[in-house]
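Notes to accompany the following structure.
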Amino acid sequence: MNDLIDTALADEGSRETLAEGAMILRGRARSQAPALLAAVAAIAAEAPFRRMMTPGGLTMSVAMTNCGAQGWVTDRHGYRYTPVDPQTGRPWPALPEALRRLAVEAAAEAGFPGFSPDVCLINRYEPGSKLSLHQDRDEPDRSAPIVSVSLGLPAVFLFGGLTRDAPKTRTRLAHGDIVVWGGPSRLAYHAVQTIKPGSHPATADQRINLTFRKAGPP
DNA sequence: GAGTACCC
DNA sequence: TTGT
Numbered sequence: 001m002n003d004l005i006d007t008a009l010a011d012e013g014s015r016e017t018l019a020e021g022a023m024i025l026r027g028r029a030r031s032q033a034p035a036l037l038a039a040v041a042a043i044a045a046e047a048p049f050r051r052m053m054t055p056g057g058l059t060m061s062v063a064m065t066n067c068g069a070q071g072w073v074t075d076r077h078g079y080r081y082t083p084v085d086p087q088t089g090r091p092w093p094a095l096p097e098a099l100r101r102l103a104v105e106a107a108a109e110a111g112f113p114g115f116s117p118d119v120c121l122i123n124r125y126e127p128g129s130k131l132s133l134h135q136d137r138d139e140p141d142r143s144a145p146i147v148s149v150s151l152g153l154p155a156v157f158l159f160g161g162l163t164r165d166a167p168k169t170r171t172r173l174a175h176g177d178i179v180v181w182g183g184p185s186r187l188a189y190h191a192v193q194t195i196k197p198g199s200h201p202a203t204a205d206q207r208i209n210l211t212f213r214k215a216g217p218p
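For the first sequence, counting from 1, position 90 maps to 90 in UniProt numbering; every step adds exactly one.
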């Protein structure tokens with residue numbers, strides 16, 4: 001309910017700085033959301049969402065899949081990118097051009113021209129799902145930013161600094177918001193707090209997050 | 001929110 | 001410890 005009001009009133013197209021090299025483009029993906037969600041459904045039909053195991057042996061609350069030249073995976077051996085989906089034995093589905101373009105444009109708008117994403121990690125949150133504080137550090141080319149697109153249920157996003165204990169900014173991410181971080185913020189710790197129960201017209205009881213990265217060599 | 005046991 |  002509040003989300004609908006916020007979505008309607010949000011300053012679509014506004015930019016907020018989270019830290020040096022990190023900004024939020026409010027509502028930037030909203031108009032393309034139906035096409036993005038259709039693409040996600042097609043990808044998930046080939047590479048199903050699955051809850052992966054961490055190196056510690058516990059199962060993540062967030063369900064994940066990937067598209068692009070590689071996919072981010074975790075199992076008891078650790079975190080890494082693989083060209084083949086370990087669950088299906090097939091390559092990950094291709095990164096749709098419309099998704100790639102959105103990420104490239106968002107990156108340029110946020111001050112990172114020339115972003116060349118080759119992978120997209122797709123996270124599916126349901127109420128109760130969360131992602132605890134971490135860095136994205138499995139990509140060798142640290143000059144490439146991260147572009148994160150939020151769809152569906154809102155989330156509380158924490159964005160910190162280069163150490164686990166650095167001060168954090170807490171912000172609400174709504175349907176259509178895009179966060180871009182890179183440069184001095186590329187290795188910033190971040191987290192998604194537990195998703196609260198709710199329903200969104202576009203996704204019902206889910207939050208879908210698309211994270212575009214460059215996983216290939218510099 | 002902090003602290004702990006436990007996952008393999 | 002990209003967990004519970």
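Idealized CB from N, CA, C, for every residue including glycine. Please read all numbers here as calculations on a predicted model, not as lab measurements.
Query, Result
"Of the residues V84, G114 and M60, the one placed nearest N123, counting alpha carbons only", "M60"
"CA nearest to the CA of V180, picked from P218, L102 and Q32", "L102"
"Of the listed residues V149, L25, Q70 and A39, nearest to R207 (C-alpha basis)", "V149"
"In DSSP terms, what P91 is bridged to", "V84"
"Paired residues, beta bridge with I122 - DSSP", "T65 and L210"
"Cα-Cα separation between E139 and S199, rounded to whole angstroms", "34 angstroms"
"Spatial distance of G161 from I43 (CA atoms)", "33 angstroms"
"Residue from K214, A45, E16 and P167 with nearest C-alpha to I146", "K214"
"Between the CA atoms of Q32 and I178 - distance to the nearest angstrom", "12 angstroms"
"Secondary structure of S132, DSSP reduced to three states", "strand"
"For G78, the three-state DSSP class (helix, strand or coil)", "strand"
"Beta-carbon proximity of C120 to T211, cut-off 8 angstroms", "yes"
"Three-state class that DSSP yields for G152 in the structure shown", "strand"
"Nearest-angstrom beta carbon gap, A188 and F157 [assumed within contact, 8 angstroms]", "Wrong, their Cβ atoms sit about 12 angstroms apart, outside the cutoff."
"C-alpha distance - G152 paired with R15, whole-angstrom precision", "20 angstroms"
"F52 versus D85: straight-line alpha-carbon distance, rounded", "A quick correction: the sequence has Met, not Phe, at residue 52. Cα-Cα distance, rounded: 12 angstroms."
"Inter-residue Cα distance where the pair is S185 and A22", "6 angstroms"
"As assigned by DSSP and simplified to three states, the class of L37", "helix"
"Sequence-distant residues of its chain with Cβ nearer than 6 angstroms to V104 (five each side left out)", "F115"
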